[in-house]
Structure formats: structure tokens, C-alpha cells
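Per this note's numbering, the sequence shown starts with residue 3, numbered consecutively.
We put the beta carbon where it would ideally sit given N, CA and C, even for glycine.
Since the structure comes first, as C-alpha cells, the remarks are kept for the end.
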Amino acid sequence: MYKQPAFDHPLLKNHTLQLKPSSLPKGMKLGKSKPASFYGFNDTCPSGTVLVHRARKQDLTKSQLFRNQFKAQANDPTANRNHFAIIQNAYGPFYGAYAKMATYKLPDLKADQTSSSTIYLFGDTHVPNNEFNAIEAGWQVSTALYDSSYPRFFTFWTSDGHEKTGCPNLNCPGFVSTTNIYGPGSFIPEFSTYGGEQKYLSILIARDSQTGNWWVTYNDQLPLGYFPKELLPKMQDHAYVIQMGGHVNSPLNVPSPPMGSGHSSNEGRNKAAYFIQVTAVGRSNELVKLDPDLIETTCDISDYYCVSDGHDTYGEDVYVFAYGGVGGFKK
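Okay, structure coming up:
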């Protein structure tokens, strides 16, 4: 566990490994964790180790290209064909965020394309770009990274606006994994059927009040690991912005990929992709509702991807929104 890639980072030389979060948001309890077979593995890694997907040389090259896509998006949202349909609340402080997001297989991606659905937390946005901190977790289909149409769980981070730091999953030192059952880059075993049964992936990202590390909990069952506080100087105490929704990346002159379910956000339940039970973690380590009046929706090319958040709350779902689109934009 101590020999995982994270500890190759110079800022983590004297880092103390945290094996589990010191607490969960008030009222939240972990369910029974699924066996390794549920995630498609015949067996777990040995006790005291973590699941790290073997990185080939081409995987590291792809990770660099993937980070460059984020870098282009941070500087110019249209430079490298990066598009988004998101909701955002920029009225922190926030100590974490939680949501359940419908997962989908997306078979129509072309080479070097990515379609992601994610929870994003930002540090102070009133800083130079090379001091911008961000962390995220969610699911994605990426032929740029995996050569597959199946959804995978992923994490990403940067401490300098994607200039020199950051990578997906465990492809560079950063995210600390703490379980031998499942980890970033792994297949998501269940996904939704268009017009049929919907399968949801729940993600909690929460700052640990005792250590300051930002923990990621998967499907209300499994604390997977954390983003160490040492890597995020502008998020030492809290995050300033919560962002959720879809992002796509595509090479130039290639029709952009589908997002979400691959269908319009206004098609409704069981057809559009949804985020449900959207909440934040408050100062007292409790899940709090987001004020709809403080939520902004943004779609950079609304004829192709958009957000629909004028839905009923569906009882316990609190704030919900649909997002996505067929894609097909070409530049």
C-alpha cells in the first residue's frame, strides 16, 4: 500500500497514510461492500495492497494527452473541442459534494474521444491559473484512455490549472488508493438501459475534518481513497465551487461524442441521463440542499448538449437535473 504511485510525489514524502475517513457526513452510513466478483474480478488483491491498473507506455502517453485536453479547456473552452453541459454553485464554502448519477454505455465514440459525467470541486477561483486547484470523480467512457465503450470510474486532480500537474486515476503520483477491491480506472459493473431500468453511481467527495484530505466514497459502500491535502494548497480548508454534469473531448474535425445517455436532456426520466440527490457537505459535516436560486446552468453549445433542471424534486431526490445530448458538432 505504501509503494503505490501516489507516494512518488515529492510533496508526499512525509505523508501519513490515512486508511479510512475519520467520519462520514452526519446521517450517512455505509452499506455492505460488494465482493470483488461484483466488479468483475475473480479475486481481490492481497491484504495490505491496493488495486492499481498496470500502466503501459502508451497509457502514460494517453494520460498526458488527456491532461492537455483539460488544459486547453481551462484556457479556451473551444480550443481543443472540449464541450460541457453543467450546473454550478459558486457560493461556497463547501466541504464536499454528493450525487447519484445514471451510468450509460456509449458505443458510438470515435478514436481519442472522451465523454465524462462528474462531480467537480474547485479551490479559490480568484488566483492565477497556475495556482488553480480542482478535484473530480465520476464515470466516463473514453477511447482516448481505455479503447472501450464501457463506463469506468475515474478521478482527476490538478494543483496548477492543468499546466504541469494532474492526471486521471493512478497514472501519476497524486490520488491515494486505500482498498484492494476496486479503484480508479475500473469498470462500472452496472449501467442504464435507454427507456428502461436506470442504474446509478453515487459519489461522495468530502473533506476529512481531522486530516484535511479529500475522501472519495463509491456507491455509499466503499471509501476508495483520497486526494491528499498537501497537493491542494488552495483547498486546505474548503472548496469554493461545486460543479456537476457532463464534459466531452474530441479531436478537431471529428463529430463530437454523445454525452450522458446520448440523448437530449429534455427527454425525461429513463431516457435522459440524470443527477439526483444533489447535495453539498456543509461546515458542520452535514449534507445540505443546494439553493436552486444559486445554481447556474451552462451549456457551451446548447444545440448539441444541454441541461434541464426544471423538474419536480421526485420526493427524496432533493435537487435533480438532466443533461447530455447526441453530439455531432464538428469544427
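Span of the beta strand (DSSP E) around residue i
{"i": "residue 205", "result": "202-209"}
{"i": "residue 263", "result": "Premise fails: residue 263 is in no beta strand (DSSP E) and is neither H nor E."}
{"i": "residue 286", "result": "No beta strand (DSSP E) contains residue 286, which DSSP labels as neither H nor E."}
{"i": "residue 226", "result": "224-229"}
{"i": "residue 142", "result": "136-144"}
{"i": "residue 123", "result": "116-124"}
{"i": "residue 34", "result": "Careful: residue 34 lies outside any beta strand (DSSP E) and carries neither H nor E."}
{"i": "residue 157", "result": "154-160"}
Through-space distance from residue j to residue i, alpha-carbon basis
{"i": "residue 109", "j": "residue 210", "result": "38 Å"}
{"i": "residue 273", "j": "residue 329", "result": "15 Å"}
{"i": "residue 320", "j": "residue 290", "result": "10 Å"}
{"i": "residue 235", "j": "residue 260", "result": "35 Å"}
{"i": "residue 99", "j": "residue 218", "result": "10 Å"}
{"i": "residue 206", "j": "residue 222", "result": "8 Å"}
{"i": "residue 174", "j": "residue 193", "result": "28 Å"}
{"i": "residue 24", "j": "residue 212", "result": "7 Å"}
{"i": "residue 131", "j": "residue 163", "result": "5 Å"}
{"i": "residue 245", "j": "residue 129", "result": "18 Å"}
{"i": "residue 119", "j": "residue 275", "result": "9 Å"}
{"i": "residue 257", "j": "residue 19", "result": "44 Å"}
{"i": "residue 277", "j": "residue 285", "result": "23 Å"}
{"i": "residue 327", "j": "residue 178", "result": "34 Å"}
{"i": "residue 309", "j": "residue 166", "result": "31 Å"}
{"i": "residue 127", "j": "residue 161", "result": "12 Å"}
{"i": "residue 254", "j": "residue 29", "result": "47 Å"}
{"i": "residue 215", "j": "residue 228", "result": "6 Å"}
{"i": "residue 17", "j": "residue 5", "result": "13 Å"}
For residue i, the residue or residues it bridges with in DSSP
{"i": "residue 338", "result": "Lying outside 3 to 333, the shown extent of the chain, residue 338 is not represented and no answer is given."}
{"i": "residue 28", "result": "288"}
{"i": "residue 91", "result": "244"}
{"i": "residue 98", "result": "208"}
{"i": "residue 219", "result": "206, 225"}
{"i": "residue 104", "result": "202"}
Residue i (DSSP reduced to helix, strand or coil)
{"i": "residue 235", "result": "helix"}
{"i": "residue 304", "result": "coil"}
{"i": "residue 133", "result": "helix"}
{"i": "residue 62", "result": "Bear in mind that a pLDDT of 49 at residue 62, under 50, signals an unreliable position, so the model cannot answer this."}
{"i": "residue 193", "result": "coil"}
{"i": "residue 323", "result": "strand"}
{"i": "residue 7", "result": "helix"}
{"i": "residue 23", "result": "coil"}
{"i": "residue 12", "result": "helix"}
{"i": "residue 170", "result": "strand"}
Beta-carbon proximity check, residue i vs residue j, cutoff 9 Å
{"i": "residue 95", "j": "residue 305", "result": "no"}
{"i": "residue 117", "j": "residue 249", "result": "yes"}
{"i": "residue 140", "j": "residue 203", "result": "yes"}
{"i": "residue 267", "j": "residue 101", "result": "no"}
{"i": "residue 156", "j": "residue 187", "result": "yes"}
{"i": "residue 298", "j": "residue 89", "result": "yes"}
{"i": "residue 252", "j": "residue 34", "result": "no"}
{"i": "residue 232", "j": "residue 27", "result": "no"}
{"i": "residue 180", "j": "residue 225", "result": "yes"}
{"i": "residue 106", "j": "residue 170", "result": "no"}
{"i": "residue 208", "j": "residue 97", "result": "yes"}
{"i": "residue 243", "j": "residue 148", "result": "no"}
Contact test: residue i Cβ vs the ligand NAD heavy atom, cutoff 8 Å
{"i": "residue 147", "result": "As presented, the structure is devoid of all ligands, the ligand NAD included, so that no description of it is given."}
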